[in-house]
Amino acid sequence: MRVLLVGAGGVGTAITRIAARRSFFETMVVADYDPARAEAAVAALGDGTRFRAEQVDAGDDEAVAALLRRHACDVLLNATDPRFVEPLFRAARTAGATYVDMAMSLSRPHPERPYEECGVMLGDAQFAQAAEWEKAGALALVGMGVEPGLSDVFARYAADELFDEIEEIGIRDGANLTVDGHDFAPSFNIWTTIEECLNPPVVYEADRGWFTTEPFSEPEVFDFPEGIGPVECVNVEHEEVLLVPRWVGARRVTFKYGLGEDFIRTLKTLRLLGLDRTEPVTVPGPDGPVAVSPRDVVAACLPDPATLGERMHGRTCAGTWVRGVKDGAPREVYLYHVVDNQWSMAEYGCQAVVWQTAVNPVVALELLADGVWSGTGVLGPEAFPAVPFLDLLTEYGSPWGIREQ
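Numbered according to the numbering used here, the sequence shown spans residues 27 to 431.
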C-alpha cells in the first residue's frame, strides 16, 4: 500500500507517528500547503525510506491527483479540515485511488426552517456520487476518525454482538482535560469545532427520518468512565447521525458532546458577534484593505491544539451508548475508548485528542491493506465487520471498554 496523507497538522503528524510502527504499507507521502509542516512531520520520524514530504494545495484537486499519480499512491488519506473534503474526494476518484477521511463534506442549514428541517446534510455531496464510485469498483471510506469512526464501529459491534433490537444509539463524547495557562484553548481544530457546534444539530428517528433542533439542545448529564465522571452533554451536528442509520437498525440516533457552560457561552458569543462566519469581511491593512474570514481570525488567535500537549492534563473519552433488547430483556451499554494525555504524550509525543482521532484511520488502512476490510462505493465504518477493527485497535496498545449501564 502506498498512501498520500494530505494534512500535516496535529492529527496528520500523529498519523505518521502511529503508522511508523506498523509494516503494512510501503510508502507514506506527507503533503501540506506549508512544506515546513510536512518536512517537520517526516524529519521527526527518522525514516527517510518509507516517508517523504511534499507541498500541495488541498483545494486544488488537479494538483492532488497529479501528486497521487507521481508517487503511484493507491490511497488518499485526508487529514485536513472539512473545507477540503470535496476537492480531495474528487482528486482520489480522478486518480483511481481509495479515499479515506475523518470528517465528511459540509452541510448547509435549511434556508427557511433551519431548526426543524435538514438542508444539505453532512456527507450529501459524497453520497451523491456513491453509484459512480461503486460502478468504478472504487472505495471511499468516509468518517473514519474517532467520532465519526470508532463510534460507528461500536454501533456496528452492538448491533452484531450485543442486541437483538436497538431502540436508541447515542454517541457521547466527554473529557476532563485542562490546559495550563489558558482559560479557552480547544483541544481540537477550532474551525471544525465552531462548524459542528453552531450548526443545527441533526437527530434521526425511524418514523420521522432526519430532522434538526436548536444548537446545544436536550442537555443531559452523562457519567463518563475511568475517572472522568459526570459531564453535561448537548446535541451537536455530527456525522454519526447521518451514517449509523444507513447500516444499523435503530429507532433513534443522536450525538451529544460534553462542552461545559463556559465553552458554550464562548461559542454563543462568537456567533453573536459574527465571528463564526466563513465569508470574508474587509478590514484595513498596512497596504490597503484586506479580505479575511472572521473564523480564520479566531483560529489564528488561539493556540494550535497540536502544541498544547505539554500543558494538558486529563483524559478524553469517545463512546457509543446503546439501549435495546437482548434475549427478550432490556439492555443498556456504553462502549468506549479513553486516552490519557500523559500516556499519549509519553508514548507518541501527541496530545490525547489528536492521537485518539489519528489511530483509527491507521487501523482502518491496515485492515484494507490486508484485505480484511473491502468494498466499493461510498461507505461508512458501519458497513464493515467491527470485531477485526476492535481487535487490531487493542493490538495497537489502545484497548476499548464496555460498561453495562
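Beta carbons are placed, not taken as given, at the ideal position from N, Cα and C, and that holds for glycine.
Nearest to residue i (by Cα), restricted to the options the options
i      : options                           : result
ALA129 : PRO241, HIS363, ASP83 and SER177  : SER177
GLN152 : GLY169, PRO140 and ARG139         : GLY169
PHE248 : ALA164, ALA344, ALA46 and PRO331  : ALA344
TRP217 : VAL359, PHE242, PRO320 and PHE415 : PRO320
LEU165 : ILE192, TYR183 and GLY397         : GLY397
GLY38  : GLN377, ARG96 and ALA181          : GLN377
PRO174 : PHE110, THR304, PRO387 and LEU188 : PRO387
ARG48  : ARG429, LEU391, LEU405 and SER400 : LEU391
TYR59  : VAL309, ARG43 and LEU93           : LEU93
VAL379 : GLY354, THR346, GLU421 and LEU334 : LEU334
TYR141 : LEU224, ARG95 and ILE197          : LEU224
GLU430 : ASP366, TYR360 and ASP100         : TYR360
LEU188 : GLY286, VAL274, ALA409 and MET338 : VAL274
ALA62  : LEU71, ARG76 and GLN81            : GLN81
VAL365 : SER133, ASP199 and VAL309         : ASP199
GLU88  : LEU71, LEU103, VAL101 and ARG119  : ARG119
PHE77  : VAL90, ILE44 and ALA91            : ILE44
PRO356 : ILE192, ALA67 and THR42           : ILE192
CYS259 : PRO245, PRO271 and LEU405         : PRO245
TRP159 : PRO414, LEU405 and LEU419         : LEU405
LEU418 : ALA154, PHE50 and THR124          : PHE50
GLY286 : ALA98, LEU301 and PRO256          : PRO256
ALA325 : ASN215, ASP86, VAL32 and VAL205   : ASN215
SER213 : ASP186, ASP302, TYR362 and TRP381 : TRP381
TRP369 : THR346, THR342 and GLU143         : THR342
Residue i to residue j span [Cα, whole Å]
i      : j      : result
PRO113 : ALA84  : 7 Å
LEU393 : ALA412 : 11 Å
GLU266 : ALA372 : 31 Å
GLY403 : ASP209 : 44 Å
THR292 : LEU299 : 11 Å
GLY340 : GLU252 : 11 Å
PRO227 : GLY350 : 23 Å
SER424 : THR383 : 12 Å
VAL56  : ALA40  : 12 Å
TRP236 : THR53  : 41 Å
LEU416 : VAL29  : 22 Å
GLY74  : GLU65  : 11 Å
VAL111 : ALA105 : 9 Å
ASN202 : ILE254 : 6 Å
GLU358 : GLU240 : 27 Å
GLY401 : ALA69  : 34 Å
ASP127 : ARG109 : 12 Å
PRO312 : ARG95  : 42 Å
ARG337 : ALA409 : 38 Å
VAL385 : THR238 : 31 Å
LYS352 : ASP190 : 5 Å
LEU268 : ARG182 : 14 Å
PHE180 : LEU102 : 24 Å
ALA46  : VAL172 : 19 Å
GLY284 : THR219 : 12 Å
PRO315 : GLU221 : 27 Å
THR420 : GLY427 : 10 Å
GLY375 : ALA67  : 12 Å
ALA117 : GLN155 : 13 Å
TYR125 : PHE115 : 7 Å
Nearest-angstrom beta carbon gap, residue j and residue i [assumed within contact, 8 Å]
i      : j      : result
PHE281 : HIS264 : 4 Å
SER131 : ASP107 : Going by Cβ atoms, the distance from SER131 to ASP107 rounds to 12 Å, so no, they are not a contact pair.
VAL473 : ALA184 : There is no way to answer for residue 473, as the model of the chain reaches only from 27 to 431.
ASN261 : VAL229 : 7 Å
PRO135 : GLY122 : Incorrect: roughly 35 Å between the Cβ atoms, too far for contact.
ALA211 : LEU328 : 7 Å
VAL90  : ILE195 : About 34 Å separates the two Cβ atoms, so there is no contact after all.
ALA395 : MET27  : 4 Å
PRO331 : GLY36  : 5 Å
Extent of the continuous alpha helix (DSSP H) run through residue i
i      : result
GLN431 : Element bounds for GLN431: n/a, residue is neither H nor E.
ASN261 : Premise fails: ASN261 lies in the beta strand (DSSP E), 255-261, not in any alpha helix (DSSP H).
TRP381 : 378-395
ARG198 : No alpha helix (DSSP H) contains ARG198, which is instead part of the beta strand (DSSP E) from 191-201.
ARG349 : Taken as a continuous stretch (DSSP letters only), ARG349 belongs to no alpha helix (DSSP H), being part of the beta strand (DSSP E) at 341-352.
MET371 : 367-374
VAL324 : 320-327
ARG96  : 87-96
GLU421 : 412-421
GLU65  : 61-69
ALA45  : 36-45
Check: residue i C-beta below 7 Å from any heavy atom of the ligand PLP
i      : result
GLY335 : As far as ligands go, the structure on display features none, and thus does not contain the ligand PLP.
Continuous beta strand (DSSP E) stretch holding residue i: start and end
i      : result
ASP58  : 53-58
THR308 : 307-309
LEU31  : 28-32
VAL404 : 403-405
Minimum Cβ-Cβ distance from residue i to chain B less than 8 Å
i      : result
THR402 : In the structure shown, chain B cannot be found, because there is only a single protein chain.
* To do: Would you mind listing the alpha helix (DSSP H) stretches within the stretch 100-185 that are 4+ residues and don't spill past its ends, in chain order?
  => For the alpha helix (DSSP H) assignment, the uninterrupted runs of no fewer than 4 residues enclosed by the stretch 100-185 are, from N- to C-terminal side, 111-121, 150-153, 156-161 and 176-183.
* Within the stretch 210-295, ranges of the alpha helix (DSSP H) (whole runs, at least 4 residues) -> As for any alpha helix (DSSP H) of minimum length 4 sitting wholly inside the stretch 210-295, the runs are 216-224 and 266-273, ordered along the chain.
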